[in-house]
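Quick notes on the structure that follows.
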Amino acid sequence: MSKLIALVDGSIYSKSVCDHAAWIAKHKGSSIEILHVLGRRETTSAPSDHSGSIALGARSTLLAELSALDEQRAKLAQKRGRAIREDAKAAIEAAGITDVSTKLRIGDIVETIAEMEADADMVVIGKRGEGADFAKLHLGSNLERIARSSRKPIFVASRAFKPIERFLIAFDGGTSSMKAVDHVARSRLFEGLSCRLLMVAPDTPEAQKRLQDAGSVLQAGGYSVRAEIVPGQPDAVIAGTVENEGINLLVIGAYGHSRIGSFVIGSTTTEMIRSCKVPVMLFR
Numbered sequence: 224m225s226k227l228i229a230l231v232d233g234s235i236y237s238k239s240v241c242d243h244a245a246w247i248a249k250h251k252g253s254s255i256e257i258l259h260v261l262g263r264r265e266t267t268s269a270p271s272d273h274s275g276s277i278a279l280g281a282r283s284t285l286l287a288e289l290s291a292l293d294e295q296r297a298k299l300a301q302k303r304g305r306a307i308r309e310d311a312k313a314a315i316e317a318a319g320i321t322d323v324s325t326k327l328r329i330g331d332i333v334e335t336i337a338e339m340e341a342d343a344d345m346v347v348i349g350k351r352g353e354g355a356d357f358a359k360l361h362l363g364s365n366l367e368r369i370a371r372s373s374r375k376p377i378f379v380a381s382r383a384f385k386p387i388e389r390f391l392i393a394f395d396g397g398t399s400s401m402k403a404v405d406h407v408a409r410s411r412l413f414e415g416l417s418c419r420l421l422m423v424a425p426d427t428p429e430a431q432k433r434l435q436d437a438g439s440v441l442q443a444g445g446y447s448v449r450a451e452i453v454p455g456q457p458d459a460v461i462a463g464t465v466e467n468e469g470i471n472l473l474v475i476g477a478y479g480h481s482r483i484g485s486f487v488i489g490s491t492t493t494e495m496i497r498s499c500k501v502p503v504m505l506f507r
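Going by my numbering, the sequence shown runs without a break in its numbering and finishes at 507.
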């Protein structure tokens, strides 16, 4: 049986993470493990070093009080984490999913995911977390770090869940996008959905061959595929297609065909996650 990891953090995206995780679980027959990760700074009970700014006579008393405050803050962080997990579990169970578990971990979120994803087949995360700058549409830093390191598909939940009927695979012929095509062809998640395959590139024989090969894989998986090559700027063409054709889910490789290095998410992928109002499924 497959398992999803649903990352919740108390942000406004957590409800969407739960809704999308429940939708995925229904289609795949998956269990869901809700995960909330507390950073070590949030849970340490060791007092901060304020000694240099405290007058000598008051130092011992104030340090004792600061230590007590630090301990109380750590307890409250864990209590809040438990509440976040319980709320998430209730929301997922209300959607009809019964195989739901929760975990609260303390430490680095990327290290935690690396440890826990071994027996999972997908990670669901919100586009932005509690610390993201919504006014500037910044992506959550944890999302970028997880996308760089995770070996499993990443499902990036949009701000609010909407029924998913049509999906678009943004295809560039690279390893990441071929992995996405292969996954779609084999997965129960996309059964019954309308499939669109889009390659933004000059219309050359090589590009046509790559697109045809990808379409054949999808057709072998039972999909009736509308495939097309469109010249232009990839992020603009993809975003326009998503908007104009009512696409509900974007499937894309995390890295482009001609990326330089492997330490950042591809620029087109980053822009798509940042600007598109639909969920995005990432493949490395």
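Think of the CB as a built atom: it goes at the ideal place given N, C-alpha and C, for glycine as much as any other residue.
Since the model is a prediction, treat every value here as computed from it, not as a measurement.
Leaving out five residues on either side along the sequence, give the residues of the same chain with a beta carbon under 7 Å from the beta carbon of residue i.
| i | result |
| --- | --- |
| A443 | A408 |
| C499 | A462, V465, L473 |
| A383 | S239 |
| A450 | L420, L434, G438 |
| E334 | none |
Which term fits residue i, buried or exposed, when burial requires 16 or more other beta carbons within 10 angstroms of its beta carbon?
| i | result |
| --- | --- |
| L472 | buried |
| K312 | buried |
| E388 | exposed |
| D342 | exposed |
| T427 | exposed |
| R411 | exposed |
| E288 | exposed |
Do residue j and residue i count as a contact pair if the criterion is CB distance below 9 Å?
| i | j | result |
| --- | --- | --- |
| I369 | V346 | yes |
| I307 | V423 | no |
| S239 | G319 | no |
| S373 | I329 | no |
| S417 | V501 | no |
| L285 | F378 | no |
| F394 | Y446 | no |
| K298 | S254 | no |
| G396 | A430 | yes |
| M224 | D322 | yes |
| D310 | S237 | yes |
Quick check: is any heavy atom of the ligand MN less than 8 Å from the C-beta of residue i?
| i | result |
| --- | --- |
| F506 | No copy of the ligand MN occurs in the structure displayed, which carries no ligand at all. |
Considering only residues of the same chain and omitting the five flanking positions on each side of residue i, which have a CB-CB separation below 8 Å?
| i | result |
| --- | --- |
| R303 | G233 |
| P386 | N471 |
| G455 | V423 |
Return the chain-ordered list of same chain residues with a C-beta closer than 6 Å to the C-beta of residue i, the five sequence neighbours on each side being excluded.
| i | result |
| --- | --- |
| L258 | I228, L230, K326 |
| T492 | I475, A477 |
| E494 | D458 |
| A245 | I315, A318, I320 |
| I235 | none |
What are the start and end residues of each continuous beta strand (DSSP E) run of 3 or more residues lying completely inside the stretch 374-414, in chain order?
377-380, 389-394
Where are the beta strand (DSSP E) runs, 3 residues long or more, that stay fully inside the stretch 432-477, in chain order?
448-453, 472-476
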